[in-house]
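*Asks:*
Numbering (my numbering), first residue to last: 871 to 1433.
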């Protein structure tokens, strides 16, 4: 259909053919063929119309999704500064470019914030006028029937002996019974249905605003920290207890939920055979927690966090913490405790460091510090297998290899250190008997003697387990979930509900028989509209049945035969 035909059809339909949605129509009154005649106010109005158009809103939404891609692929300072630094060290060429583009702080960058704010303004500017227009449509009545119903996409007609008033009353009852908003409009009944389509459309866009607000609220007031806890140890929700902590700009330490918990035990079981060998089957932490009152028991599992007030405690990872005892040359114990080691593969092959910072003296009585690099496997693959590695995550055959150093650990140098690594620049390595001459493999209960009367280190038979937890406060998550559900419901309504209008006209014909016309108009072409109109016509026809065709005059019949 050409543009001229469309305009002509709208003129013929009049008010009945007005758009069936609250989408704004394009206004070109500020321009002429020779070019724009916009002043300052006109340009502002033009820019506002463009910003609040649905097309621009979709473009901004796409740009927001596209802008989040670097935040997913490139390490972010807000998530892990250590990974960011590692990335910078490995990519010297890209780092200056990424820093200028703020790719290490995507979600707080100027360009991402600009897209976010423009999308927010665009949605509000689009929704507010459409909401008022929709309210106006709800308060108004469906428009009267156009002059030519036979020009509508769905149309039917028949003749009946019922009176026009009776037909219109019957049509009003049928349409209201089908939940149409209907009323008498002259010699016809006007009805409309499907308002939930526009309601769903508006709900969808309002839900997008709700999700944007929830996202901003969560970023400003969130907190997230991590803590590694060995069996038997506890945690109190204060800033100094965290291994790492990050929060939004509006979050204060006084907002931390007051509670504490103790890790009683960690339970992990694994598939022992088949293609799923080594896959965790049980992965849970038994804890005792308190919120200022009586202690309570709880079990934290993957995706089943402990909820305390506004805080959630998630179980992230687990590993082993062998118990070791270090003695000096006189046999005095200078260190005894469980040492958490970090896993480096799926079978929990682990590495870490043992640091003896105070209390140790060499054979001459001089104060010195000890350090040991530890390499631990819960299920040793056995001799002759080359590199030491674990073949199963459970404690079936635990072995630990130790490499000892003595000297200065540099813990007082003022520079931050990784607790799981040794700084050996100011230390000397022990040469020990057995093993490789520098490292010994120990079974639980065995002791490695240090040379020249420097002491010993014992791998105790007790091996504890540790679990790492993430403690989060995300105030906008519930609001975001509500917005997401509302967005899906609204989008479903706008996609599957059709806005349509139906008219029933009943007038007396020249021969005195009532002529009934029914027609329908939808927002878009759909096979359902003719089907629905046919059902309505069949229902109405039972109350206003079709009149029999008039008998043919015998004289006219004979005249036709002679011709």
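Note that the Cβ used here is the ideal one computed from N, Cα and C, for glycine as well. Bear in mind the structure is a predicted one, so any value in this text is a computation, not a measurement.
Taking 8 Å as the cut-off, does the segment 1079-1099 touch the segment 1373-1385 (at least 3 CB pairs, one atom from each stretch)?
*Replies:* Flag = no, the segment 1373-1385 and the segment 1079-1099 do not touch.
*Asks:* What first and last residue would you give for the beta strand (DSSP E) that runs through residue 1187?
*Replies:* By 1-based counting over the chain shown, the position of residue 1187 is 317. Taken as a continuous stretch (DSSP letters only), the beta strand (DSSP E) holding residue 1187 covers 1181-1197.
*Asks:* Using only the alpha-carbon positions, how far apart do residue 995 and residue 922 sit?
*Replies:* For the purposes of this step, residue 995 is taken as the residue at position 125 of the chain shown. For the purposes of this step, residue 922 is taken as the residue at position 52 of the chain shown. When rounded, the distance between both Cα atoms is 5 Å.
*Asks:* Just curious, the beta strand (DSSP E) that residue 1390 is in, first and last residue?
*Replies:* To locate residue 1390, count along the chain shown from 1; it is residue 520. Start and end: 1384-1392.
*Asks:* Please report how far the alpha carbon of residue 1149 lies from the alpha carbon of residue 947, in whole angstroms.
*Replies:* Position 279 of the chain shown, counted from the start, is the residue given in the question as residue 1149. Position 77 of the chain shown, counted from the start, is the residue given in the question as residue 947. Cα-Cα distance, rounded: 32 Å.
*Asks:* Using beta-carbon positions only, say whether residue 1069 and residue 1356 come within less than 8 Å of one another.
*Replies:* Mapped onto the chain shown, residue 1069 falls at position 199. Mapped onto the chain shown, residue 1356 falls at position 486. No.
*Asks:* Cβ of residue 1251 within 8 Å of Cβ of residue 1270?
*Replies:* Position 381 of the chain shown, counted from the first residue, corresponds to residue 1251. Position 400 of the chain shown, counted from the first residue, corresponds to residue 1270. No, they are not a contact pair.
*Asks:* So, with DSSP's three-state summary, where would you put residue 1292?
*Replies:* Stepping through the chain shown from its first residue, residue 1292 is reached at position 422. Note: residue 1292 maps to coil in three-state DSSP.
*Asks:* Would you give the residue range spanned by the beta strand (DSSP E) that residue 1206 belongs to?
*Replies:* Residue 1206 sits at position 336 when you count from the first residue of the chain shown. Note, residue 1206: beta strand (DSSP E), 1203-1208.
*Asks:* Opposite residue 1373 in the DSSP bridges: which residues?
*Replies:* Translated into the one-based positions of the chain shown, residue 1373 becomes position 503. According to DSSP, residue 1373 bridges with 1060 and 1389.
*Asks:* Can you name the start and end residues of the alpha helix (DSSP H) that residue 917 belongs to?
*Replies:* Looking up residue 917 in the chain shown gives position 47. Taken as a continuous stretch (DSSP letters only), the alpha helix (DSSP H) holding residue 917 covers 910-921.
*Asks:* With C-beta atoms as the reference, is residue 924 less than 8 Å away from residue 985?
*Replies:* Numbered from its first residue, the chain shown carries residue 924 at position 54. Numbered from its first residue, the chain shown carries residue 985 at position 115. No. Outside cutoff.
*Asks:* Give me the Cα-Cα distance between residue 927 and residue 1075, rounded to the nearest whole angstrom.
*Replies:* Position 57 of the chain shown, counted from the start, is the residue given in the question as residue 927. Position 205 of the chain shown, counted from the start, is the residue given in the question as residue 1075. Straight-line Cα distance between these residues: approximately 10 Å.
*Asks:* Which of helix, strand or coil does DSSP assign to residue 1168?
*Replies:* By 1-based counting over the chain shown, the position of residue 1168 is 298. Three-state DSSP puts residue 1168 in a strand.
*Asks:* So which of 1018, 1028, 1399 and 992 has the shortest CA-CA distance to residue 1385?
*Replies:* Within the chain shown, numbered from 1, the residue matching residue 1385 stands at position 515. The candidate whose alpha carbon is nearest that of residue 1385 is 1028.
*Asks:* Among the residues of its own chain, which have a CB less than 7 Å from the CB of residue 941, if the five just before and after it don't count?
*Replies:* By 1-based counting over the chain shown, the position of residue 941 is 71. Hits under 7 Å: 976 and 977.
*Asks:* Got a sec, what are the start and stop residues for the alpha helix (DSSP H) residue 927 sits in?
*Replies:* Counted from its first residue, the chain shown places residue 927 at position 57. It spans 924-943 - the alpha helix (DSSP H) in which residue 927 sits, taken as one unbroken run.
*Asks:* If you follow the beta strand (DSSP E) that residue 1225 is in, where does it begin and where does it stop?
*Replies:* Within the chain shown, residue 1225 is the residue found at index 355, counting from 1. 1220-1226 is the span of the beta strand (DSSP E), which, as asked, contains residue 1225.
*Asks:* Can you give me the Cβ contacts of residue 972 inside the same chain, cut-off strictly under 6 Å, excluding the 5 residues immediately before and after it?
*Replies:* To locate residue 972, count along the chain shown from 1; it is residue 102. Excluding positions up to five away in sequence, the list reads 979.
*Asks:* Three or more C-beta pairs under 8 Å: does that hold for the segment 1137-1153 against the segment 1115-1127?
*Replies:* They do not touch, by the three-pair rule.
*Asks:* So what does residue 1131 bridge to, in DSSP terms?
*Replies:* For the purposes of this step, residue 1131 is taken as residue 261 along the chain shown, with counting starting at 1. DSSP output for residue 1131 lists 1105 and 1159 as bridge partner(s).
*Asks:* So the candidates are 1147, 1365 and 1040; which of them puts its Cα closest to the Cα of residue 1412?
*Replies:* By 1-based counting over the chain shown, the position of residue 1412 is 542. Taking only the C-alpha atoms, the option nearest residue 1412 is 1040.
*Asks:* Under 8 Å: do the segment 1327-1342 and the segment 1182-1193 share three or more Cβ pairs, one atom per stretch?
*Replies:* Counting Cβ pairs under 8 Å, three or more are found: they touch.
*Asks:* Compute the beta-carbon to beta-carbon distance between residue 1297 and residue 1276, rounded to the nearest angstrom, for a pair I have assumed lies under 8 Å.
*Replies:* Here residue 1297 refers to the residue found at position 427 of the chain shown. Here residue 1276 refers to the residue found at position 406 of the chain shown. Yes, residue 1297 and residue 1276 are in contact; Cβ-Cβ is about 6 Å, under 8 Å.
*Asks:* In or out: residue 1203 buried (at least 16 other Cβ within 10 Å) or exposed?
*Replies:* Along the chain shown, read from residue 1 onward, the residue named residue 1203 stands at position 333. Exposed: under 16 other Cβ atoms inside 10 Å.
*Asks:* Kindly list the residues whose CB is nearer than 6 Å to the CB of residue 1160, restricted to its own chain and excluding five residues on each side of it in sequence; keep chain order.
*Replies:* As a first step, residue 1160 must be located in the chain shown, where it is residue number 290. Around residue 1160: 1130.
*Asks:* Would you be able to state if there are at least three C-beta pairs under 8 Å between the segment 1340-1355 and the segment 1031-1048?
*Replies:* No, they do not touch.
*Asks:* So if DSSP puts residue 1008 in a beta bridge, which residue, or which two residues, is it bridged to?
*Replies:* The count along the chain shown starts at 1 and reaches residue 1008 at position 138. For residue 1008, which the question treats as bridged, DSSP gives no partner whatsoever.
*Asks:* Would you call the segment 1361-1371 in contact with the segment 1216-1233, where contact means no fewer than 3 C-beta pairs closer than 8 Å?
*Replies:* They do not touch, by the three-pair rule.
*Asks:* Determine whether the beta carbon atoms of residue 1265 and residue 1333 lie at a separation below 8 Å.
*Replies:* What you label residue 1265 is simply residue 395 of the chain shown in a count that begins at 1. What you label residue 1333 is simply residue 463 of the chain shown in a count that begins at 1. Yes, these two residues count as a Cβ contact at 8 Å.
*Asks:* Quick one: does the C-beta of residue 1263 sit closer than 7 Å to a heavy atom of the ligand SAH?
*Replies:* No copy of the ligand SAH occurs in the structure displayed, which carries no ligand at all.
*Asks:* Below 8 Å on the Cβ atoms is my contact criterion, and I expect residue 1231 with residue 1180 to pass it. Report the Cβ-Cβ distance as a whole number of Å.
*Replies:* Within the chain shown, numbered from 1, the residue matching residue 1231 stands at position 361. Within the chain shown, numbered from 1, the residue matching residue 1180 stands at position 310. Not confirmed; about 50 Å, so no contact.
*Asks:* Enumerate, from N- to C-terminal direction, the unbroken beta strand (DSSP E) stretches of 3 or more residues contained entirely within the segment 955-1034.
*Replies:* Qualifying beta strand (DSSP E) stretches, in chain order: 1024-1030.
*Asks:* Is residue 1140 helix, strand or coil when you go by DSSP?
*Replies:* Position 270 of the chain shown holds residue 1140. Of the three classes helix, strand and coil, the one that applies to residue 1140 here is strand, per DSSP.
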